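Under the working numbering, think of the first position of the sequence shown as 292, with each following residue one higher.
Glycine is no exception: its CB is placed at the ideal position from the N, C-alpha and C atoms.
Small disclaimer: the values here were computed from a predicted structure and weren't measured.
Notes for the one structure printed next.
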Amino acid sequence: MTTTHLTRKLKSSPQAEILTIRLHRALSWLKSAEKQEGNLDIKFLSLWIAFNACYAVDINGMSSKPEKAKLRDFTSSLVQFDRTRLYNLFWDKYSGPVRVIIENKFVFEKFWEYNRGEVEDYIPAFNKSIATALNCLSKENIEGLMEIVLERLYTLRNSIIHGGSTFNSKLNRAQLKDACNIMQLLVPIIIDIMLENSQHDWGEIAYPVVK
């Protein structure tokens, strides 16, 4: 599904002003991502911002419990409205970028906590997370699988945003490529689900338009 199609759909479909603003912002960043084929760092950040624009955000960040709960509510609503399309996406991609990103220790937050000396070990939690993801897939628990994948992607996002990686570095190309492959398929589906279910209360935008 192209951004052009989604933009036309947004303009032609009646919805609340708040949702229009939210999705207009998301689409603007999705379009930005499409222009960054040779720049994985900026492409991924554009995709993450597009995703972030889709749901009401808490400025305290995803690491806070309220924000995690908010994201969980958001993904639950998405799954409620279109479980099949989301499951098919993760099922089709599980043997590729989804599985690879889940099994990549460099996007597992406890790995970095271990390297900072904050925890004694990360391997048991890492292996449990991988097993949980596979179990979620087999039981069609798409909410659980999405939560694990998004946590991995958020760790990658943090490493870039907080200056933890070098621009265009060769060290993180693999996980960035996998992350972009996932997000560039997931974000358009999310936007379309929200357009198809515009009657749902998708929450307030954190930064409304002020003239």
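Cut-off 7 Å between Cβ atoms - residues of its own chain near residue i, not counting five sequence neighbours on either side
i	result
ASN488	PHE372
GLU431	TYR378
ALA470	PHE335, ILE392, LEU444, LEU447
THR298	LEU318
ARG374	ILE433
Nearest neighbour of residue i, chosen from the options [CA to CA]
i	options	result
MET474	VAL410, ILE309, LEU321, ALA307	LEU321
ASP332	ARG448, LEU314, ILE309	ARG448
ASN343	VAL500, ILE496, VAL501	ILE496
CYS345	THR375, LEU310, GLY455	LEU310
HIS491	LEU441, PRO305, VAL501, ALA324	PRO305
TRP339	ILE481, TRP493, GLY455	ILE481
GLY455	SER386, LEU425, VAL440, PHE397	PHE397
HIS296	ASP483, TYR498, GLY494, VAL500	ASP483
TRP493	ALA422, ASP364, PRO499	ASP364
LYS384	VAL410, LYS419, SER337, LEU428	LEU428
ALA510	TYR405, VAL410, TRP382	Missing from the structure shown is residue 510; the chain here goes from 292 to 502 and no further.
PRO366	ILE312, ILE439, SER303	One point to set straight first is that residue 366 is Thr, not Pro, in the sequence displayed. Ranking the options by Cα distance to THR366, first place goes to ILE439.
ARG464	LYS502, SER450, THR293	SER450
TYR498	SER303, ARG316, GLU325	ARG316
Residue i, buried or exposed, once every other Cβ within 10 Å from all chains shown has been counted against 16
i	result
TYR413	buried
ILE452	exposed
ARG407	exposed
ASN459	exposed
PRO479	buried
ASN395	buried
MET437	buried
GLU388	A small correction: the amino acid at residue 388 is Pro; Glu does not occupy that position in the sequence shown. Burial call: buried.
LEU462	exposed
MET485	buried
VAL410	exposed
THR457	exposed
Reduced DSSP category for residue i - H, G, I as helix; E, B as strand; rest coil
i	result
ASN330	coil
THR293	coil
SER304	coil
ASP349	Residue placement at ASP349 cannot be trusted, given a pLDDT of 49 that sits under 50; what the coordinates show is reported in the next sentence. Residue state, collapsed to three classes: coil.
Other residues of its chain near residue i: CB distance less than 6 Å, five sequence neighbours each side excluded
i	result
LEU301	LEU314
LEU467	LEU331, PHE335
PHE399	PHE417
Same chain only: Cβ atoms within 8 Å of residue i, ignoring 5 sequence neighbours per side
i	result
GLU328	LYS334
ILE421	ILE393, GLU394
Please list the segments of the alpha helix (DSSP H) lying wholly inside the region 363 to 436, counting only runs of 4 or more residues, in order along the chain. If only complete runs of 4 or more residues are kept, the region 363 to 436 shows the alpha helix (DSSP H) at 390 to 393, 400 to 406, 414 to 429, in order along the chain.
For a minimum of 4 consecutive residues, which ranges assigned as the alpha helix (DSSP H) are wholly contained in the region 445 to 502? Those alpha helix (DSSP H) runs which fall completely within the region 445 to 502 and span 4+ residues are 464 to 487.
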